[in-house]
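Here is the structure we will look at, set down as C-alpha cells.
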Amino acid sequence: MPSGRFVLRVTVGGLMMGHGLQKLSGSFDGPGLEGTEKMMGAIGLHPAKQQALAAALSETIGGGLTALGFLSPLGPAMITGTMAVAIKKVHAKNGVWVTAGGYEYNLTLIAVALSLATAGPGRFSVDGLLGKHRSGLRWGLLTLLLGLGGAATTLAVAERLAPVEAAFEAAKATDTDEKDQPVPSN
C-alpha cells in the first residue's frame, strides 16, 4: 500500500506540476502566461492576467506539494480547486465524457486528490520523514472544502471583475483608436 500511494502521488502530482509549468513558463510546449491569459479571458475568468498566474501557480505548486507529499493536504486541495474551476468554466457544458470535451478527466483528478488527502501522503513523503501524519476523513473533507472554496472564490472574483476588465479594455482600445486618427488641419 505505501508504495502504491507513492506511485500515485508522484505520478499525479508530477503531471499536474508539469501542467502548471506549461501555463507558467511555456514548458513542455505549453502556452506560457501570455497564452494562458488569453485563454482565461476567453472563458470569462477576469482579470485574465491575475487568473492566469493564479491557475499556473496553483497547478505548479499544488502538483509539486502533492508529488513530494509535503504540507498535505494543501497540494490536493489546490488540485481540487483548479479542476473544479476547469469543470465549471470549460467542461460541464459538454457532459461527462472527455471524448466530447467533458469533465471525466478533471473529476478523476479531483477523486485522486481527495483520496490522497484522506489516505495521507504516506511514509515515503516529506511529511512522513518529518513525522507529520495527517490522514483520515476529516483531512479529506478539509481538502474538499478548501478546494471548492478556492474555486468558488475564483469564480466570484471573475464574475465581479468581468465588467471592470471589459470597460478597461474598451477604454484602452478607444484611446489607441483616437491616437491613430489623423489630426485635421485648418
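Per the working numbering, the very first residue in the sequence shown carries number 21; after that it's consecutive. We treat Cβ as the ideally placed atom computed from N, Cα and C, and that holds for glycine.
- Taking C-beta atoms as the reference points, leucine 168 and threonine 100 count as a pair closer than 8 Å.
- Pairing leucine 91 with isoleucine 81, the inter-Cα distance amounts to about 11 Å.
- Only residues of its own chain outside the window of five on either side were considered, and among them His111, Asn114, Gly115 and Val116 have a CB closer than 6 Å to the CB of glycine 122, listed in chain order.
- Listed in chain order, the non-local C-beta contacts of histidine 39 below 6 Å within the same chain comprise Glu79, local neighbours out to five positions each way being set aside.
- The three-state secondary structure of tryptophan 117, taken from DSSP, is coil.
- The beta carbon of threonine 138 sits closer than 7 Å to those of Ser155, Gly156, Leu157, Trp159 and Gly160, all from its chain and outside the five residues before and after it, given in chain order.
- Contact annotation: the region 145-154 does not touch the region 168-181, with fewer than three C-beta pairs closer than 8 Å.
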